[in-house]
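*Asks:* Protein sequence lines, in the order shown, are assigned to chains A and B. Numbering of the first sequence is given in our numbering, commencing with residue 20 and proceeding in unit increments. Numbering of the second sequence is given in our numbering, commencing with residue 57 and proceeding in unit increments. Just so it is clear, CB atoms sit at the ideal spot from N, CA and C, and this is done for glycine as well. None of the values given here were measured: they were computed from a predicted structure.
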Amino acid sequence: TQLLEQSPQFLSIQEGENLTVYCNSSSVFSSLQWYRQEPGEGPVLLVTVVTGGEVKKLKRLTFQFGDARKDSSLHITAAQPGDTGLYLCAGALNSGGYQKVTFGTGTKLQVIP
Amino acid sequence: DVKVTQSSRYLVKRTGEKVFLECVQDMDHENMFWYRQDPGLGLRLIYFSYDVKMKEKGDIPEGYSVSREKKERFSLILESASTNQTSMYLCASLGQGNGPNNSPLHFGNGTRLTVT
């Protein structure tokens with residue numbers, strides 16, 4: 020059973036369009052992170068959100084943590100070909116004094132010039 | 057800059073072989089993780105370790121074991137490789153302090169394992 024579900028799984032859009040990726044769970048997380056992964060490399064952190072309802076912006080990317088800390092969204096404005104990649108959300112759970120980090124199913128984004 | 061190094065980029069093994077995947081980090085991080093990545097399933101946690109000689113099962117530990125004899129090294133072991141273990145394996149490390157609230161996981165570049 021996947022703890023974190025992402026939607027959509029695939030997205031192919033034209034340069035300049037807007038898009039939103041969703042990350043949903045029934046679990047409450049202490050924090051949630053978004054990563055981007057390019058072919059042949061490991062995921063690289065984009066942002067961490069900690070507080071319920073928190074919104075963070077990174078240039079054209081806007082990240083939101085749900086009020087109940089169970090879900091998150093990533094919105095990209097005016098997508099560019101350089102945004103192409105696999106986007107992964109990851110939730111952190113505190114368990115027995117250590118951190119367990121669980122990833123979502125991933126959203127593969129292709130931005131066509 | 058944190059560096060996480062996985063010993064092999066590509067590995068081809070036969071069914072039934074014992075396979076070792078090695079991961080080394082150079083930032084004195086307490087926490088290390090092994091994930092496997094399959095299309096449509098994201099990254100699934102196999103095992104993690106929060107200290108030397110300590111290990112915890114992740115979400116899909118069956119068919120795997122791990123070893124953390126030294127802080128910088130975390131090994132993933134496939135006791136008897138099977139074809140359904142063909143996958144991309146990613147190792148990651150994480151410092152203590154504030155944990156993932158303020159720190160990223162640092163990933164290696166992955167090992168693509170094929171079991172024939």
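1) Is Gly98 of chain B helix, strand or coil by DSSP?
2) Does DSSP put Gly59 of chain A in a helix, in a strand, or in coil?
3) Within a Cβ cutoff of 6 Å, which residues of the same chain sit near Ser64 of chain B, ignoring the five residues on either side of it in sequence?
4) Give a yes or no on whether 8 Å exceeds the smallest Cβ distance from Leu13 of chain A to chain B.
5) So with CB distances below 8 Å, who are the chain B contacts of Gly123 of chain A?
6) In angstroms with no decimal places, state the Cα-to-Cα distance between Val69 of chain A and Leu93 of chain A.
7) Using a Cβ-Cβ cut-off of less than 9 Å, list which residues of the stretch 108-119 of chain B approach chain C; keep chain order.
8) Pick out whichever of A:Gln33, A:Thr103, A:Pro132, A:Val40 has its Cα sitting closest to the Cα of Ser90 of chain A.
9) With a cut-off of 8 Å, does the C-beta of Gly85 of chain A fall near any C-beta of chain B?
10) Start and end of the beta strand (DSSP E) containing Ala148 of chain B?
11) Rounded to the nearest angstrom, what separates Leu132 of chain B and His162 of chain B at their Cα positions?
12) Which word fits Phe29 of chain A, buried or exposed, when buried means at least 16 other C-beta atoms lie within 10 angstroms of its C-beta?
13) Strictly below 7 Å CB to CB, what residues from chain B border Gly59 of chain A?
14) Going by DSSP, name the residue or residues bridged to Gly123 of chain A.
15) If you compare alpha carbons, which of B:Glu112, B:Leu169, B:Pro95, B:Gly119 is closest to Val120 of chain A?
16) When you compare only the Cα positions, how much space is there between Asn165 of chain B and Gly101 of chain A?
*Replies:* Here's the rundown:
1) Taking the second sequence and counting its residues from 1, one reaches residue 98 of chain B at position 42. In the structure shown, Gly98 of chain B sits in a strand (DSSP, three-state: E or B).
2) Residue mapping note: residue 59 of chain A aligns to position 40 of the first sequence, counting from 1. Three-state DSSP puts Gly59 of chain A in coil, outside helix and strand.
3) Along the second sequence, read from residue 1 onward, the residue named residue 64 of chain B stands at position 8. Around Ser64 of chain B: Thr167.
4) Chain A is shown only over 20 to 132; residue 13 of chain A falls outside these bounds and no answer can be derived.
5) Walking along the first sequence from the start, residue 123 of chain A turns up at place 104. Here the neighbours are Gly98.
6) In the first sequence, residue 69 of chain A corresponds to position 50, counting from 1. In the first sequence, residue 93 of chain A corresponds to position 74, counting from 1. Taking the straight line from one Cα to the other gives about 15 Å.
7) Of the chains in the structure shown, none is chain C; the protein chains are A and B.
8) Sequence index remark: in the first sequence, residue 90 of chain A carries index 71 (1-based). Residue identity differs from the one stated: residue 90 of chain A is Asp in this sequence, not Ser. The shortest C-alpha separation from Asp90 of chain A is found at A:Val40.
9) Against the first sequence, residue 85 of chain A aligns to sequence position 66. Not closer than 8 Å to any Cβ of chain B, the Cβ of Gly85 of chain A fails to qualify, so no.
10) The residue you call residue 148 of chain B lines up with position 92 of the second sequence. Ala148 of chain B -> beta strand (DSSP E) spans 143-150.
11) Locating residue 132 of chain B in the second sequence gives position 76, counting from the first residue. Locating residue 162 of chain B in the second sequence gives position 106, counting from the first residue. Cα to Cα, the separation comes out at about 17 Å.
12) As a working mapping, residue 29 of chain A is identified with position 10 in the first sequence. Exposed: under 16 other Cβ atoms inside 10 Å.
13) Taking the first residue of the first sequence as 1, we reach residue 59 of chain A at position 40. The contacting residues are Asn165.
14) To locate residue 123 of chain A, count along the first sequence from 1; it is residue 104. Answer by DSSP bridge pairing, in chain order: A:Leu23.
15) Translated into the one-based positions of the first sequence, residue 120 of chain A becomes position 101. That would be B:Glu112, whose Cα lies nearest to the Cα of Val120 of chain A.
16) Locating residue 165 of chain B in the second sequence gives position 109, where the first residue counts as 1. Locating residue 101 of chain A in the first sequence gives position 82, where the first residue counts as 1. C-alpha separation (whole angstroms): 20 Å.
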